[in-house]
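Heads up: the sequence shown runs through residues 32 to 165, numbered per this note's numbering.
For every residue, glycine included, the Cβ atom is placed at its ideal position computed from N, Cα and C.
None of the values given here were measured: they were computed from a predicted structure.
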Amino acid sequence: MSADVFCEIIAGERPADVVRSDEVAVSFLDARPVFKGHVLVVPRVHVETLADLADVGPFFERVQAMARAVEEGLQAGGTFVAINNRVSQSVAHLHVHVVPRHKKDGLRGFFWPRTKYDSAEEAQSYAEMIGKAL
32 MSADVFCEII
42 AGERPADVVR
52 SDEVAVSFLD
62 ARPVFKGHVL
72 VVPRVHVETL
82 ADLADVGPFF
92 ERVQAMARAV
102 EEGLQAGGTF
112 VAINNRVSQS
122 VAHLHVHVVP
132 RHKKDGLRGF
142 FWPRTKYDSA
152 EEAQSYAEMI
162 GKAL
């Protein structure tokens with residue numbers, strides 16, 4: 032494991048409010064939550080980004096279960112589930128944010144500006160560039 036705070040939490044070397052822990056992932060409350068009940072789900076294996084995670088299925092089963100549990104356990108109206116890859120990633124260890132949501136809770140969509148494609152052809156060219164990378 033690499034030396035980051037999430038690896039330390041996984042190893043039991045740093046305290047955290049653990050919600051669930053198994054052989055695939057560890058889930059714990061975010062120390063700086065967007066809203067109370069904000070959970071981070073992190074894979075036990077140290078990987079920096081989603082692209083680095085070899086077996087995504089079991090990990091996202093844990094994320095899915097956590098999203099359900101946050102809604103049910105907190106009587107939330109829904110959840111915001113998000114991942115940052117490198118940019119805005121405060122810890123270089125893959126982590127998924129599961130944030131409880133309620134109508135009129137003050138969280139307004141995404142916090143970055145939106146743009147538009149200049150034309151349908153430009154949009155198609157982006158789709159093709161990404162598609163070729165697959």
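The three-state secondary structure of P131, taken from DSSP, is strand.
Remark: C-beta atoms of V94 and V73 do not approach each other more closely than 7 Å.
Per DSSP, R63 lies in no beta strand (DSSP E) and is assigned neither H nor E. In terms of Cβ geometry, V55 and V122 do not form a close pair [threshold 7 Å]. Cβ contact annotation for R45 (same chain, cutoff 7 Å, sequence separation greater than five): V36 and E39, in chain order. In this model, K134 and V50 are separated by some 25 Å (Cα to Cα). DSSP places P89 within a helical segment (H, G or I) once states are collapsed to three. In the three-state DSSP reduction, L105 falls in the helix class (H, G or I).
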